[in-house]
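Asker: Here you go, one structure.
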Amino acid sequence: MAAFTLTQLRDTMHDTAGENDGVSFGGDIADTPFEELDFDSLAIMEIAARIKQEFGLVIPDTEIGNLKTPQVMVDFVNSLAV
Amino acid sequence: MTTPVIITGMGVVAPNGVGSDAYWEALLAGKSAIGQINAFDASGYPVRLAGEARDFDGADHLPARMLKQTDRATQMSLVAADWALADAGVDPAEYTDYDMGVVTSSAVGGFGFGQAELQKLWGKGSEYVSVYQSYAWFYAVNTGQISIRHGMRGASGVLVSEQTGGLDAIAHARRNIRNDAAKLVLTGGLETTLCPWGWVAQVPNPRISRQPEAHEAFLPFDAAASGYVPGEGGAILVAERAGFRGERHPEHCYGEIAGHAATFDARHSTLARAISTALADAGVAPSAVDVVFADASGVPELDAAEAAALTEVFGRRGVPVTAPKTMTGRLYAGGGPLDLATALLSIRHNVIPPTINITTVAPDCAGIDLVVAEPRQRRVDVAVVIARGYGGFNSVLVVRRCAH
Chain E
37 MAAFTLTQLR DTMHDTAGEN DGVSFGGDIA DTPFEELDFD SLAIMEIAAR IKQEFGLVIP
97 DTEIGNLKTP QVMVDFVNSL AV
Chain Y
48 MTTPVIITGM GVVAPNGVGS DAYWEALLAG KSAIGQINAF DASGYPVRLA GEARDFDGAD
108 HLPARMLKQT DRATQMSLVA ADWALADAGV DPAEYTDYDM GVVTSSAVGG FGFGQAELQK
168 LWGKGSEYVS VYQSYAWFYA VNTGQISIRH GMRGASGVLV SEQTGGLDAI AHARRNIRND
228 AAKLVLTGGL ETTLCPWGWV AQVPNPRISR QPEAHEAFLP FDAAASGYVP GEGGAILVAE
288 RAGFRGERHP EHCYGEIAGH AATFDARHST LARAISTALA DAGVAPSAVD VVFADASGVP
348 ELDAAEAAAL TEVFGRRGVP VTAPKTMTGR LYAGGGPLDL ATALLSIRHN VIPPTINITT
408 VAPDCAGIDL VVAEPRQRRV DVAVVIARGY GGFNSVLVVR RCAH
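Protein chains in written order, with the numbering used here: chain E, 37 to 118; chain Y, 48 to 451.
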């Protein structure tokens, strides 16, 4: 499959959690910790579920806590696709 | 002497008025919101009337993030909490987190959110179910989300006792403040059951009116009473220890939570004892009560039992009795808090809002002085609010004008 991109992740973040008061992810968020974007572990689980549904790639639950930024998550998802 | 617990702010989402000003105006105008259900197609159901808060849309008030993880009841609760804090002039950031708590009531949880996720579960598969279903349906979620939003970490909780839950929650807020487990508590409750799942869960209840006409469906104490109409909404109130934020100007104090009692019916109604015990807790004689906001079931035998309890405590036609919920329907956990907000507005404005659509008081309810059709002007210093919950719960709160 084609590489999973930051843009796709951004769309998924919009669809699953949406923006919060005072937090936008329209800018350069690649290295902004999810925590600073108000994404808690549940919000990240929701993203992982969506990635599985749309791309058939499974992020193991044990890995979710390690994916601290959007870029780290994009890289991990792409490593699954290899 | 125990330090009084006072109410300094309110946030109201009612079927006939979103915001306390719009709600109060609607009450005085006798404006009912009971009508055909709009939220979903109810044409195939044997019960099609509800008091629907059509003017409330969570998207008008909350960020997208919150909408995706909450039921409508939680959205109403969050917005009412915001309004209550603004009304009280409280910025939670200025206070210690452990000094502030949240105690709400919910009788059914988040039905609408749960239905959508169950449809995904059975329609698409478990992995499509939102992770937020884990708590979005749950009774305690309104307390939790309010607590998170405002950083309130003092003693908090949730009470579940059908229609009495809201008053029980407010009484528990008072208890927490008296025990110094919190100094300021957001309390009350809001509820909605207006989705197909929430609706089918109610339809078998014989206490719900089958009358098809909105103005004939909910007639508590009337000879033609046939049950009640469910509604959605409720209120959140700011309860605080008097003096916590210094002297409050009278216009910033709606009233004192002066007394409370709860009883449980086993073989017979214990409502009269609940009323007497609440009055004793408040140190108020029955003759000093200016108005009673009745539970007003709309079920003839329950109306008769309430009328008998009121007559026993207050004497025949001894106190004005009203049921503004004839304009909203019964709101379950939201009902008591909304009635309490109404009682406090009555104290503020010295007006008793009416019970509407009543034409002939039932003979076995003739012992009460029901305020019908038009608001009644009179000095209101002390109000009693009554709630009964399915299964035998009784809860009674006494509020009085703030001392100043």
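Beta carbons: idealized from backbone N, C-alpha and C, even for Gly. No experiment lies behind these values; they were computed from the predicted model shown.
Identify, in the order they occur along the chain, each residue of the same chain with its Cβ nearer than 8 Å to the Cβ of Val-360 of chain Y, setting aside the five sequence neighbours on each side.
Answerer: Locating residue 360 of chain Y in the second sequence gives position 313, counting from the first residue. The residues are Ala-319, Ile-322, Ser-323, Leu-326 and Pro-333.
Asker: Does DSSP classify Ala-473 of chain Y as helix, strand or coil?
Answerer: Past the boundaries of the shown model lies residue 473 of chain Y; chain Y is included only from 48 to 451, so the question cannot be answered.
Asker: Looking at Val-137 of chain Y: is its Cβ nearer than 8 Å to the Cβ of Val-232 of chain Y?
Answerer: As a first step, residue 137 of chain Y is located in the second sequence; it is residue number 90 there, counting from the start. As a first step, residue 232 of chain Y is located in the second sequence; it is residue number 185 there, counting from the start. Against a cut-off of 8 Å, the Cβ pair of Val-232 of chain Y and Val-137 of chain Y comes out as no contact.
Asker: Measure from the C-beta of Arg-200 of chain Y to each C-beta in chain E and report whether the shortest distance is under 8 Å.
Answerer: Counted from its first residue, the second sequence places residue 200 of chain Y at position 153. No - not a single Cβ of chain E is within 8 Å of the one on Arg-200 of chain Y.
Asker: Examine chain Y for any beta-carbon lying closer than 8 Å to the beta-carbon of Met-81 of chain E, and answer yes or no.
Answerer: Start at 1 with the first residue of the first sequence, and residue 81 of chain E comes out as number 45. Yes, because at least one Cβ of chain Y sits closer than 8 Å to the Cβ of Met-81 of chain E.
Asker: My output table needs one value for Gly-64 of chain Y: the three-state DSSP class, helix, strand or coil.
Answerer: Indexing the second sequence from 1 puts residue 64 of chain Y at position 17. Of the three classes helix, strand and coil, the one that applies to Gly-64 of chain Y here is strand, per DSSP.
Asker: Just the Cα atoms here: how many angstroms apart are Gly-91 of chain Y and Val-285 of chain Y?
Answerer: If you number the second sequence from 1, residue 91 of chain Y lands on position 44. If you number the second sequence from 1, residue 285 of chain Y lands on position 238. C-alpha separation (whole angstroms): 41 Å.
Asker: Would you kindly check if the distance between the Cβ of Ala-380 of chain Y and the Cβ of Gly-213 of chain Y is under 8 Å?
Answerer: Position 166 of the second sequence, counted from the start, is the residue given in the question as residue 213 of chain Y. Position 333 of the second sequence, counted from the start, is the residue given in the question as residue 380 of chain Y. Yes, these two residues count as a Cβ contact at 8 Å.
Asker: Once you ignore the five residues that flank Ala-228 of chain Y on each side, which residues in its own chain have a CB closer than 6 Å to its CB?
Answerer: Taking the second sequence and counting its residues from 1, one reaches residue 228 of chain Y at position 181. Within the same chain, Ala-228 of chain Y has close Cβ partners Ala-202.
Asker: May I have a chain-ordered list of the beta strand (DSSP E) segments no shorter than 3 residues that lie completely inside the region 141-225 of chain Y?
Answerer: Qualifying beta strand (DSSP E) stretches, in chain order: 147-152 and 204-206.
Asker: Can you tell which of Y:Asp-88, Y:Gly-64 and Y:Asp-269 has its C-alpha closest to the C-alpha of Ala-80 of chain Y?
Answerer: The sequence position of residue 80 of chain Y within the second sequence is 33, counting from 1. When only C-alpha atoms are compared, the closest one is Y:Gly-64.
Asker: Using a beta-carbon distance cut-off of less than 7 Å, what residues from the region 54-70 of chain E approach chain Y?
Answerer: Here the close residues are Gly-54, Glu-55, Asn-56 and Asp-57.
Asker: Using C-beta distances below 6 Å, list every residue in its chain close to Asp-411 of chain Y, excluding the 5 sequence neighbours before and after it, in chain order.
Answerer: As a working note, residue 411 of chain Y is residue 364 in the second sequence. Result list for Asp-411 of chain Y: Ala-351, in chain order.
Asker: Counting only the same chain and skipping the five closest in sequence on each side, list residues whose C-beta sits under 6 Å from that of Val-432 of chain Y.
Answerer: Taking the second sequence and counting its residues from 1, one reaches residue 432 of chain Y at position 385. For Val-432 of chain Y, where only same-chain residues beyond five positions count, the Cβ hits under 6 Å are Phe-340, Asp-386, Leu-387, Ala-390 and Leu-444.
Asker: What is the rounded straight-line gap between the Cα of Val-207 of chain Y and the Cα of Ala-127 of chain Y?
Answerer: Here residue 207 of chain Y refers to the residue found at position 160 of the second sequence. Here residue 127 of chain Y refers to the residue found at position 80 of the second sequence. Approximately 19 Å between the Cα atoms of the pair.
Asker: Compare the C-alpha of Ala-66 of chain E against each of E:Pro-106, E:Ile-83, E:Val-94 and E:Asp-51 and name the closest.
Answerer: On the first sequence, residue 66 of chain E is found 30 positions in, with the first residue counted as 1. It is E:Pro-106.
Asker: Going along chain E in order, which residues have a C-beta closer than 9 Å to the C-beta of Ser-177 of chain Y?
Answerer: If you number the second sequence from 1, residue 177 of chain Y lands on position 130. Thr-52, Glu-82 and Ala-85, listed in chain order.
Asker: Output the boundary residues of the beta strand (DSSP E) element that contains Gly-436 of chain Y.
Answerer: As a first step, residue 436 of chain Y must be located in the second sequence, where it is residue number 389. First-last of the beta strand (DSSP E) with Gly-436 of chain Y: 429-436.
Asker: From the beta carbon of Asp-97 of chain E, is the nearest beta carbon of chain Y less than 8 Å away?
Answerer: Within the first sequence, numbered from 1, the residue matching residue 97 of chain E stands at position 61. Output row for Asp-97 of chain E: interface = no.
Asker: When you compare the region 231-246 of chain Y with the region 267-284 of chain Y, are there three or more beta-carbon pairs, one atom per stretch, that lie closer than 8 Å?
Answerer: Taking 8 Å as the limit for Cβ pairs, the verdict is that the region 267-284 of chain Y does touch the region 231-246 of chain Y.
Asker: The ligand PLP and Gly-161 of chain Y: does any heavy atom of the ligand fall closer than 7 Å to the residue's C-beta?
Answerer: Because no ligand of any kind appears in the structure shown, any question about the ligand PLP cannot be addressed here.
Asker: How do the region 106-113 of chain Y and the region 392-399 of chain Y stand: do at least 3 beta-carbon pairs fall below 8 Å, yes or no?
Answerer: Touching, no.
Asker: Tell me whether the beta-carbon of Gln-162 of chain Y lies closer than 8 Å to the beta-carbon of Pro-243 of chain Y.
Answerer: For the purposes of this step, residue 162 of chain Y is taken as the residue at position 115 of the second sequence. For the purposes of this step, residue 243 of chain Y is taken as the residue at position 196 of the second sequence. Yes, Cβ-Cβ distance for Gln-162 of chain Y and Pro-243 of chain Y is below 8 Å.
Asker: Could you give the first and the last residue of the continuous beta strand (DSSP E) run that contains Asn-441 of chain Y?
Answerer: Translated into positions along the second sequence, residue 441 of chain Y becomes position 394. It spans 440-447 - the beta strand (DSSP E) in which Asn-441 of chain Y sits, taken as one unbroken run.
Asker: Quick check for students: name the residue ranges of the alpha helix (DSSP H) that lie wholly in the region 367-413 of chain Y, counting only runs of 4 or more.
Answerer: With a minimum length of 4 residues, the continuous alpha helix (DSSP H) runs that stay inside the region 367-413 of chain Y are 382-396.
Asker: Would you be able to state if there are at least three C-beta pairs under 8 Å between the region 109-119 of chain Y and the region 182-193 of chain Y?
Answerer: The region 182-193 of chain Y, when compared against the region 109-119 of chain Y, does touch it at the 8 Å Cβ threshold.
Asker: For Ala-111 of chain Y, go through chain E and note every residue whose CB falls closer than 7 Å to its CB, in chain order.
Answerer: By 1-based counting over the second sequence, the position of residue 111 of chain Y is 64. Those within 7 Å of Ala-111 of chain Y in chain E are Gly-54 and Glu-55.
Asker: Please classify Asn-404 of chain Y: is it buried, with 16 or more other beta-carbons within 10 angstroms of its beta-carbon, or exposed?
Answerer: Your numbering for residue 404 of chain Y matches position 357 in the second sequence. Under this definition Asn-404 of chain Y is a buried residue.
Asker: Comparing C-alpha positions only, which one of E:Glu-55, E:Phe-112, E:Thr-68 and E:Val-59 sits nearest to Ile-87 of chain E?
Answerer: Looking up residue 87 of chain E in the first sequence gives position 51. Selected option, being the one with the closest Cα: E:Phe-112.
Asker: What three-state label does DSSP hand Glu-421 of chain Y in the structure shown?
Answerer: The residue given as residue 421 of chain Y occupies position 374 in the second sequence. Glu-421 of chain Y falls in the coil class under three-state DSSP.
Asker: Determine, using beta carbons only, whether Asp-74 of chain E comes closer than 8 Å to chain Y.
Answerer: Against the first sequence, residue 74 of chain E aligns to sequence position 38. True, the Cβ-Cβ gap to chain Y drops below 8 Å.
Asker: Measuring alpha carbon to alpha carbon, tell me which of Y:Ala-111, Y:Tyr-142 and Y:Pro-253 ends up nearest His-197 of chain Y.
Answerer: Working through the second sequence from its first residue, we reach residue 197 of chain Y at position 150. Cα-wise, what sits closest to His-197 of chain Y is Y:Tyr-142.
Asker: Helix, strand or coil for Leu-125 of chain Y? Go by DSSP, reduced to three states.
Answerer: By 1-based counting over the second sequence, the position of residue 125 of chain Y is 78. Looking at Leu-125 of chain Y - three-state DSSP - the assignment turns out to be helix.
Asker: Could you tell me which whole alpha helix (DSSP H) segments of length 4 or greater appear in the region 271-344 of chain Y?
Answerer: Counting whole runs of 4 or more residues, the region 271-344 of chain Y contains the alpha helix (DSSP H) stretches 318-329.
Asker: Among Y:Gly-274, Y:Ser-273 and Y:Ile-394, whose alpha-carbon lies nearest the alpha-carbon of Asp-337 of chain Y?
Answerer: Stepping through the second sequence from its first residue, residue 337 of chain Y is reached at position 290. Considering only alpha carbons, the answer is Y:Ile-394.
Asker: Using the DSSP secondary-structure output, state which residues sit across from Met-57 of chain Y in a beta bridge.
Answerer: Numbered from 1 along the second sequence, position 10 holds the residue referred to as residue 57 of chain Y. Per DSSP, Y:Leu-284.
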